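According to my numbering, the sequence shown holds residues 546 to 705 in order.
Idealized CB from N, CA, C, for every residue including glycine.
Remember, it's a predicted structure, so these values are computed and weren't measured experimentally.
What follows is one structure encoded as structure tokens, with my remarks underneath.
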Amino acid sequence: METPAAPRRRALPFLFAFASGGILTLMAHKNGTLGHFGGPFFASWMAHGAGTVAAILLLAVLFRRGEGKALKGRAPLWAYFGGFSGALTVIFTAKAVNSPLALSGTLALGLAGQVVFSLAADKWGLFGLAKRRLSLKDAASLGLIGLGSALIILFGRAGL
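What follows is the structure, encoded as structure tokens:
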């Protein structure tokens, strides 16, 4: 028999993923605003500078509590290049948000790009992922995301 806490534990990853989408929208908007006033490279420097300060403060708190040690050994070398892709993401987002795509079009195409890349990563087992055979459901999902993106961009306020 399931305990009452079990369904909640299964729902948490969905809640976290949904919340991260909202936070990503806020981040894209703030980076776009910085990009508007200072350019995309300025936006990237500010975003990553603020993130560095926040990470240092968090690590200081964790180390004081004895929780700042690595849990599973060393990460693979390629994992350390996440900051590089993050910097490019901020730069590209700052440019796209300040174009006729606006925030909603930028995020819609960004989602489409994420799904395309994640399906490729699943198919070819990139970055240590288990290889997964893609299905018609994957293609249909991608098609619907593409159609939704087109609706947002072509018939939304941006009206390209």
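Relative to the Cα of Leu-648, the nearest Cα in the group Phe-563, Ala-592, Ile-697, Ala-588 belongs to Ile-697. Classified as buried, Gly-577 has 16 or more neighbouring CB atoms from the shown chains inside 10 Å of its CB. At least 8 Å separates the beta-carbon of Ala-665 from that of Leu-656.
Looking from the CA of Phe-629, the closest CA among Ala-564, Ser-589, Ala-573 belongs to Ser-589. The beta strand (DSSP E) runs lying completely inside the segment 656 to 684 and spanning 3 residues or more number zero.
For Phe-587, the CB contacts under 8 Å within the same chain, skipping 5 residues up- and downstream, are Leu-579, Gly-580 in chain order. When the beta-carbon positions are compared, Ala-592 and Val-635 come within less than 8 Å of each other. One thing to note: Ala-573 has its Cβ within 8 Å of the Cβ of Thr-638.
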